[in-house]
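Structure first, commentary second.
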Amino acid sequence: MLNFLRGRRLVFVGDSIGRNQWESLLCMLAAGVRNKTRIFEVNGQPITNHKGFLIFRFESYNCTIEYYRSPFLVPQGSPPHDSPKSVQCTLKVDTIDWASKRWLGADAIVFNTGHWWSYEKTLKLGCYFQVGEHVEKNISVRDGLAIAMQTWKKWVAFNIDPSKTSAFFRTYAPVHFSGGTWKTGGRCNMEIEPYKEGIKFGREPWSNGVALKEVTTMMPSVRLLDITHLSNFRKDAHPSIYYRLPTEDRPMDHQDCSHWCLPGLPDTWNQLLYASLLQSAPWLPLPSV
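Take the sequence shown: its position 194, counting from 1, is numbered 195 in my numbering, and each next residue is one higher.
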């Protein structure tokens with residue numbers, strides 16, 4: 002894959018699950034490089050707990066693997082000065098993320114969003130949806146995502162040339178909390194094997210439906226990286242209590258059943274990404290006549 006990416010930029014834009022996939026690809030590619038000093042973050046930033054953007058360069062291949070944190074794909078910021086006190090922040094759903102200028106010129110770009118689109122991470126915290134200069138307190142989380150996806154769609158249509166850039170939207174990565182959620186004692190530490198083939202899962206995550214309504218109208222300019230169903234099987238593949246260092250306390254009532262262990266399932270997502278790039282990348286040589 003490194004030879005395939007020689008001279009290219011591969012960009013991931015999204016939430017921490019998108020970063021999970023980016024980290025997976027870094028590890029996979031680094032395994033093929035003997036001299037690890039030829040791999041470095043271009044701004045000298047540490048990878049641990051970094052919240053902005055990170056760009057790793059594979060010097061011997063003149064390629065970069067980049068991650069831009071944008072959990073909503075639209076900017077989150079301070080509300081207009083005349084907003085009610087109940088409005089602590091807003092999501093400007095009619096504006097693409099302010100970091101979007103850094104995404105331009107990528108040879109391949111993978112978007113994702115979904116996990117942050119919840120009542121607990123928005124309205125419950127006083128974070129409402131803003132259109133123009135107006136805070137729309139009656140917009141639901143579902144409708145907020147729908148507007149944001151329309152904004153994203155317009156940005157992609159205007160800024161990404163399919164003859165130069167392979168664009169992907171990755172679907173929602175399922176969580177496997179049992180008996181609660183991230184903050185209410187949900188667990189997965191006792192899971193030691195995947196679900197068996199043939200099991201019937203529940204409904205698709207609602208955010209998939211909202212996002213795919215826009216994504217499917219953009220095909221084939223944007224390709225779908227559908228990882229939801231295959232990931233549903235891997236209830237055993239989360240960090241659970243082991244996301245903390247061995248020297249730290251590992252409370253049983255605060256487990257990570259959202260992110261994924263590495264090596265692990267995101268490696269499979271990246272294998273699918275590579276396979277799709279081999280089919281669709283605009284820099285592929287033209288077939289001989």
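For each residue, glycine too, the CB sits at the ideal point set by N, CA and C.
Thinking C-alpha only, which one of the options is nearest residue i?
{"i": "methionine 29", "options": "Leu279, Ala100 and Asn271", "result": "Asn271"}
{"i": "threonine 269", "options": "Cys258, Thr217, Ser164 and Ser232", "result": "Ser232"}
{"i": "arginine 235", "options": "Cys189, Thr248 and Arg245", "result": "Cys189"}
{"i": "threonine 229", "options": "Phe159, Asn160, Lys197 and Leu266", "result": "Leu266"}
{"i": "valine 111", "options": "Val132, Lys86 and Pro72", "result": "Pro72"}
{"i": "phenylalanine 5", "options": "Ala31, His51, Phe41 and Cys64", "result": "Cys64"}
{"i": "lysine 52", "options": "Gln151, Arg70 and Phe178", "result": "Arg70"}
{"i": "threonine 123", "options": "Leu213, Leu146, Pro85 and Phe57", "result": "Leu146"}
{"i": "asparagine 113", "options": "Pro221, Ala174, Ser179 and Thr185", "result": "Ala174"}
Would residue i pass as a contact of residue j if the rule is Cβ separation under 7 Å?
{"i": "tyrosine 62", "j": "arginine 10", "result": "no"}
{"i": "valine 142", "j": "tryptophan 118", "result": "yes"}
{"i": "alanine 149", "j": "valine 94", "result": "yes"}
{"i": "serine 167", "j": "alanine 109", "result": "yes"}
{"i": "leucine 92", "j": "phenylalanine 130", "result": "yes"}
{"i": "valine 176", "j": "serine 101", "result": "no"}
{"i": "leucine 3", "j": "glycine 33", "result": "yes"}
{"i": "tryptophan 104", "j": "tyrosine 68", "result": "no"}
Could you tell me whether the Cβ of residue i comes closer than 7 Å to any Cβ of chain B?
{"i": "glutamine 77", "result": "No chain B appears in the structure shown, which is made up of a single protein chain."}
Taking the straight line between their C-alpha atoms, what separation do you get for residue i and residue j?
{"i": "aspartate 254", "j": "valine 43", "result": "38 Å"}
{"i": "glycine 15", "j": "aspartate 227", "result": "15 Å"}
{"i": "proline 206", "j": "phenylalanine 169", "result": "19 Å"}
{"i": "threonine 96", "j": "glycine 199", "result": "42 Å"}
{"i": "glycine 323", "j": "glutamate 215", "result": "Given that the chain is displayed from residue 2 to residue 290, the structure contains no residue 323 and the question cannot be resolved."}
{"i": "glycine 314", "j": "serine 241", "result": "Since the displayed the chain opens at 2 and closes at 290, residue 314 lies outside it and no answer follows."}
{"i": "lysine 154", "j": "leucine 27", "result": "28 Å"}
{"i": "proline 252", "j": "leucine 278", "result": "41 Å"}
{"i": "glutamate 192", "j": "aspartate 83", "result": "50 Å"}
{"i": "glycine 106", "j": "isoleucine 161", "result": "8 Å"}
{"i": "threonine 182", "j": "histidine 135", "result": "33 Å"}
{"i": "isoleucine 40", "j": "serine 25", "result": "15 Å"}
{"i": "lysine 37", "j": "glycine 45", "result": "15 Å"}
{"i": "valine 12", "j": "aspartate 144", "result": "27 Å"}
{"i": "aspartate 250", "j": "glutamate 194", "result": "25 Å"}
{"i": "glutamine 151", "j": "proline 247", "result": "44 Å"}
Just checking my contact of residue i with residue j at CB under 8 Å: how many whole Å lie between their CB atoms?
{"i": "tryptophan 99", "j": "proline 80", "result": "Rounded, the Cβ-Cβ distance is 16 Å, inconsistent with contact."}
{"i": "glycine 127", "j": "valine 88", "result": "6 Å"}
{"i": "serine 164", "j": "arginine 224", "result": "14 Å between Cβ atoms; not a contact."}
{"i": "asparagine 139", "j": "threonine 172", "result": "About 28 Å; that fails the 8 Å criterion."}
{"i": "alanine 238", "j": "tryptophan 261", "result": "5 Å"}
Assign residue i to one of two classes, buried (16 or more other C-beta atoms within 10 Å of its C-beta) or exposed (fewer than that).
{"i": "aspartate 257", "result": "buried"}
{"i": "tyrosine 120", "result": "exposed"}
{"i": "arginine 35", "result": "exposed"}
{"i": "isoleucine 48", "result": "exposed"}
{"i": "proline 264", "result": "exposed"}
{"i": "proline 283", "result": "exposed"}
{"i": "arginine 20", "result": "buried"}
{"i": "leucine 1", "result": "Outside the modelled stretch of the chain, which goes from 2 to 290, sits residue 1, for which no answer is possible."}
{"i": "phenylalanine 159", "result": "exposed"}
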